[in-house]
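>
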Amino acid sequence: MTLSILHRITGVAMSLGLIAFAAWLASIAAGGEAFDRFTSLMSSTFGWLLLIGWSFAFFLHLANGVRHLVWDVGKGFEIRHANASAWAVLVFAIALTIFLWSAL
Amino acid sequence: MSGATGHFVAQRISAIALLLLGSWFVFVVPGLAGAEHAMVAAWAAKPVNSVLLMLLGAVLAYHSWLGVQIVIEDYVHAPGVLKFSLHAARIAHFVVAAVCVYAVYRVGFGA
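Here the protein sequences line up with chains A and B, keeping their order.
Residue 56 in this note's numbering is what sits at position 56 of the first sequence, and the numbering runs on without skipping anything.
Residue 1044 in this note's numbering is what sits at position 44 of the second sequence, and the numbering runs on without skipping anything.
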C-alpha cells in the first residue's frame, strides 16, 4: 500500500524532473554561459538533493513498475509474494541509489 | 490511443521502452558529471546518443503524460477545472517533448 502511493509520488516527482531534463538539454544546445549556469545550479546543495532524490525516485518507480508488469501477467498476487516483492523493490531502490552516488 | 484499454497498453509499452532508455541514461550520465560543455556537447552530438536522447525525451514525456492524466482524474473533480487541467497537462508535456527533441537537434547540427 505504501509502495502504491510511493509509485505515484515518485512518478509525479519525475514528471517535474522532466522539466529539469529538458532544461539540461536546452543548456547544452545553448552552450557557454547557459550551460555553466545550469551546472552550477545543479552543483549546489539543493541541486544535489534534487538529483539524488530523482535518482532514488527513478529506481523505486522502475522496480515497482516491473512489479506491476509481473502482476499484469498474473503472477505474484499472493499476499506473502506481494509483501516480499515490496521489500525487494525498496532494497533495490536504496541499494542502486547508494551505488550510483558512491561511484561519483 | 483512445479508451481505457489503449491507455493501459500505452502505459505498459512506454514503461518497457523506458526500462531500456532510462537504464541507458543512468548508465552513461555519471560519465558526464563535471565535464566541460565541449565534451558533453560532443557526446550528445554523436548520432546514437542523439537518437537515444530524443527517444528518451519523447517517451518520457508520453509516459509522464499518461501517468499525470490518471493523477489529475483522481484528484480534480470540478468539471471545468478538470477539463482545463487535462488540456494544460497535455500541452505542457508536448512542449517539454518538443524542447528535448529540438535541443538535441541543435546540439547535433549547431547554430
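Every residue gets a Cβ at the ideal spot worked out from N, C-alpha and C, and that includes glycine.
What do you reckon, are the CB atoms on V1107 of chain B and I19 of chain A nearer than 8 Å?
Mapped onto the second sequence, residue 1107 of chain B falls at position 107. Mapped onto the first sequence, residue 19 of chain A falls at position 19. Contact: no.
> I'd like to know whether the C-beta of L1053 of chain B is nearer than 8 Å to at least one C-beta of chain A.
Sequence index remark: in the second sequence, residue 1053 of chain B carries index 53 (1-based). Closer than 8 Å: yes.
> Whose Cβ in chain A lies nearer than 8 Å to the Cβ of H1037 of chain B?
The sequence position of residue 1037 of chain B within the second sequence is 37, counting from 1. Correct list: I28, G31, G32, F35 and D36.
> For a test of the three-state rule: what should DSSP assign to L106 of chain A, helix, strand or coil?
Outside the modelled stretch of chain A, which goes from 1 to 104, sits residue 106 of chain A, for which no answer is possible.
> Could you tell me whether the segment 1034-1043 of chain B touches the segment 91-99 of chain A, using the rule of 3 or more Cβ pairs below 8 Å?
No contact exists between the segment 1034-1043 of chain B and the segment 91-99 of chain A.
> What are the residues in the segment 1061-1091 of chain B lying within 8 Å of chain A by C-beta distance?
Per Cβ criterion, the list reads A1061, S1064, G1067, V1068 and V1071.
> Between which residues of its own chain and S1050 of chain B is the CB-CB distance below 6 Å, once the five residues before and five after are set aside?
Along the second sequence, read from residue 1 onward, the residue named residue 1050 of chain B stands at position 50. Only V1104 and G1108 meet the Cβ criterion.
> When the Cα of A82 of chain A is compared with those of A:V12, A:L96, A:T97 and A:N64, which residue comes out closest?
Position 82 of the first sequence, counted from the start, is the residue given in the question as residue 82 of chain A. Of the candidates A:V12, A:L96, A:T97 and A:N64, the one whose C-alpha sits nearest the C-alpha of A82 of chain A is A:N64.
> Under 8 Å between C-beta atoms, does L50 of chain A make it to chain B?
The residue labelled residue 50 of chain A in the question sits at position 50 within the first sequence. So, not an interface residue.
> Counting pairs of Cβ atoms below 8 Å between the segment 1009-1018 of chain B and the segment 1060-1071 of chain B, do you hit three or more?
Yes: the two stretches touch, three or more of their Cβ pairs being nearer than 8 Å.
> Is it the case that the Cβ atoms of L100 of chain A and L1019 of chain B are separated by a distance below 8 Å?
On the first sequence, position 100 is the one that residue 100 of chain A refers to. On the second sequence, position 19 is the one that residue 1019 of chain B refers to. Not a contact, by the Cβ cut-off of 8 Å.
> For a test of the three-state rule: what should DSSP assign to A1035 of chain B, helix, strand or coil?
What you label residue 1035 of chain B is simply residue 35 of the second sequence in a count that begins at 1. Coil.
> CA-CA distance, L1032 of chain B and I9 of chain A?
On the second sequence, position 32 is the one that residue 1032 of chain B refers to. On the first sequence, position 9 is the one that residue 9 of chain A refers to. Cα-Cα distance, rounded: 28 Å.
> Quick check: is the beta carbon of L1021 of chain B nearer than 8 Å to any beta carbon in chain A?
Residue 1021 of chain B sits at position 21 when you count from the first residue of the second sequence. Cβ-Cβ to chain A under 8 Å: no for L1021 of chain B.
> Using a cut-off of 9 Å between C-beta atoms, extract the partners of R67 of chain A located in chain B.
Taking the first residue of the first sequence as position 1, residue 67 of chain A is located at position 67. Near R67 of chain A there are no residues of chain B at all, since even the closest Cβ is about 11 Å away, more than 9 Å.
> Give me the Cα-Cα distance between V1028 of chain B and L16 of chain A, rounded to the nearest whole angstrom.
Taking the first residue of the second sequence as 1, we reach residue 1028 of chain B at position 28. Taking the first residue of the first sequence as 1, we reach residue 16 of chain A at position 16. So the alpha carbons of these two residues sit roughly 21 Å apart.
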